[in-house]
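Undergrad: Input: one structure, supplied below.
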Amino acid sequence: MPFGLGLGILFLALYQGRAANKFGLLTGQIVSVDTVQLQVLAGTAVVVMLALAAIWRPLSFASVDPEMAEARGVPVRGLAIAFMVLLGVSVALSIQIVGALLVLALLITPAAAALRVTTSPRLVVLLSVVFAITATVGGILLALGSRIPISPYVTTLSFLIYVVCRVIGNVRAKRGNNGRIVRPHAAMGQAVEDQAVAG
Numbered sequence: 378m379p380f381g382l383g384l385g386i387l388f389l390a391l392y393q394g395r396a397a398n399k400f401g402l403l404t405g406q407i408v409s410v411d412t413v414q415l416q417v418l419a420g421t422a423v424v425v426m427l428a429l430a431a432i433w434r435p436l437s438f439a440s441v442d443p444e445m446a447e448a449r450g451v452p453v454r455g456l457a458i459a460f461m462v463l464l465g466v467s468v469a470l471s472i473q474i475v476g477a478l479l480v481l482a483l484l485i486t487p488a489a490a491a492l493r494v495t496t497s498p499r500l501v502v503l504l505s506v507v508f509a510i511t512a513t514v515g516g517i518l519l520a521l522g523s524r525i526p527i528s529p530y531v532t533t534l535s536f537l538i539y540v541v542c543r544v545i546g547n548v549r550a551k552r553g554n555n556g557r558i559v560r561p562h563a564a565m566g567q568a569v570e571d572q573a574v575a576g
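Letter 106 of the sequence shown, counting from 1, is numbered 483 in the numbering used here, and no numbers are missing.
Dropping the structure here:
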């Protein structure tokens, strides 16, 4: 992702348009979303969520243990391509509104924060959405009446949420399991594998 962002900055530097347009692509223009953009984003969000719901279980299994999933007949390569297409469509449509920097912050940080407080795959997704919405709406409210762009507020709130979740996860890990710390990624992988086997 940093490599892709670097290429984006390179292409923006080669772009002959106005400098304001270049800056807008990086930080987004979330306060200037018009009705057409909102409708396109809402329609795309519905399509992406329906597609993810359709491939949720095999995708979770393939993400945790691709070799075992392939041995059980799960189309791992096809699922990976489908997921990347869905992700690419979502990012491409979101960049013009939230910007390349915010897309990175809202893709990675909320999910990393959720992984610190739970090992349930469904709950990780739910918390990721809640954290991302909280950071975005909070950033908009904090930026009202300020000359500072929304981007710093959103990224700062997203990072603070991650820090809080990391502290909570560390405290819970030390209190439980008789002082033995369990890595959240490993625990989540076990939970997904158990669910897939049971299904």
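Where a beta carbon is used, it is the ideal one built from N, C-alpha and C, also for glycine.
Using the C-alpha atoms, what's the distance from residue 442 back to residue 420?
TA: So the two alpha carbons sit approximately 32 Å from each other.
Undergrad: I need the straight-line Cα distance from residue 504 to residue 450, nearest angstrom please.
TA: If I take the Cα positions, the gap works out to 30 Å.
Undergrad: Within the chosen definition, does the segment 515 to 534 reach the segment 470 to 487 through at least 3 CB pairs nearer than 8 Å?
TA: The segment 515 to 534 is in contact with the segment 470 to 487.
Undergrad: How big is the Cα-Cα spacing for residue 469 and residue 552?
TA: Roughly 43 Å between the two C-alpha positions.
Undergrad: From residue 514 to residue 454, what does the alpha carbon distance come to, in whole angstroms?
TA: Looking at the two C-alpha atoms, the distance is approximately 36 Å.
Undergrad: Could you check the C-alpha separation between residue 463 and residue 507 for me, to the nearest Å?
TA: Rounded to whole angstroms, residue 463 to residue 507 spans 20 Å at the Cα level.
Undergrad: Whose C-alpha, out of 458, 523 and 509, is nearest the C-alpha of residue 536?
TA: Ranking 458, 523 and 509 by Cα distance to residue 536 puts 509 first.
Undergrad: By DSSP, does residue 513 sit in helix, in strand, or in coil?
TA: Helix.
Undergrad: Does any C-beta atom of chain C lie closer than 9 Å to the C-beta of residue 476?
TA: The chain labelled as chain C is not found in the depicted structure, where only one protein chain is given.
Undergrad: What are the boundary residues of the alpha helix (DSSP H) that includes residue 410?
TA: No alpha helix (DSSP H) holds residue 410; DSSP gives it neither H nor E.
Undergrad: Compute the distance between the beta-carbons of residue 466 and residue 413, then report whether it is under 9 Å.
TA: Result no, Cβ atoms of residue 466 and residue 413 do not sit closer than 9 Å.
Undergrad: Using 10 angstroms around the beta-carbon of residue 391, count the other beta-carbons present and answer buried if the total reaches 16, otherwise exposed.
TA: It counts as exposed.
Undergrad: May I have the straight-line CA-CA distance separating residue 457 from residue 486, to the nearest angstrom?
TA: Going from the Cα of residue 457 to the Cα of residue 486 covers about 21 Å.
Undergrad: Within a Cβ cutoff of 8 Å, which residues of the same chain sit near residue 500, ignoring the five residues on either side of it in sequence?
TA: Excluding sequence neighbours, residue 500 sits near 491.
Undergrad: Can you give me the C-alpha to C-alpha distance between residue 448 and residue 411, rounded to a whole angstrom?
TA: So the two alpha carbons sit approximately 48 Å from each other.
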